[in-house]
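All residue numbers for the sequence shown refer to the numbering used here, where the first residue is 27 and numbers rise by one.
Some notes on the structure that comes next.
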Amino acid sequence: MSLSWKYSHLVICFPFLLIHINVCSSYTSIFQGSSMGQFFNQYLEPIRLNDAHVDWKSVDLSYLTEDKFLIHFAKMVSDARPIQGADVILKEQNIDSDMRIKYNDQRHFEQIARQFGIFEEWKDGIPRTAYKGVVVFRYRGQWRIFLVGPDSLSLLGLE
């Protein structure tokens, strides 16, 4: 099965695995929808969709099963250097490793997100792009920043 970006949402089924490939409808419709393109220039315009053909049936996606991914993701979060507050990272010139910042609540998360210029919206009590309360993004190159929620470490089995 090849993936065509003309579909904003595609479901690929493998035995015991369901992957939802999702392209934000705001990206494909730009100024239609409830936000009328309010965040398109800031968040979506810089993103480039993959234009290379991928034969998804031949790709080994077993690492995406919940049990394997949880272990992998928990290790990445655990290995990230804990930092107290976003200011330290914003002032640091040479980031040399993945880092994690703990946020206390929605207001605190939104404050940190604004400092980095990342999407700060919440839905159903968690940040929009969170997994187990953790939002991951890259800042100034190859290193990841993990914004870790108050219950995230225990949800990941790290506490």
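In this text, a Cβ means the ideal position worked out from N, Cα and C, and glycines have one as well.
So, helix, strand or coil for residue i, using DSSP?
i    : result
L173 : strand
F145 : coil
K164 : Residue identity differs from the one stated: residue 164 is Arg in this sequence, not Lys. Reduced to three states, the DSSP call for R164 is strand.
I121 : coil
R154 : coil
R133 : helix
R74  : coil
What distance in whole Å lies between the Cβ atoms of residue j and residue i, which are believed to be in contact at a cut-off of 8 Å?
i    : j    : result
L173 : A100 : Incorrect: roughly 15 Å between the Cβ atoms, too far for contact.
P153 : F135 : 6 Å
On the CB-based measure, 16 or more other CB atoms within 10 Å of its CB, does residue i come out buried or exposed?
i    : result
I97  : exposed
L182 : buried
Y89  : exposed
V80  : exposed
G151 : exposed
Under 8 Å, do residue i and residue j count as touching if we go by C-beta distance?
i    : j    : result
K158 : S178 : yes
I138 : I121 : no
F142 : A106 : no
D124 : W169 : yes
V103 : V160 : yes
E146 : R140 : yes
For this session: Counting only runs of 4+ residues fully inside the stretch 82 to 117, write out the alpha helix (DSSP H) ranges in chain order.
Result: 92 to 105 and 112 to 117
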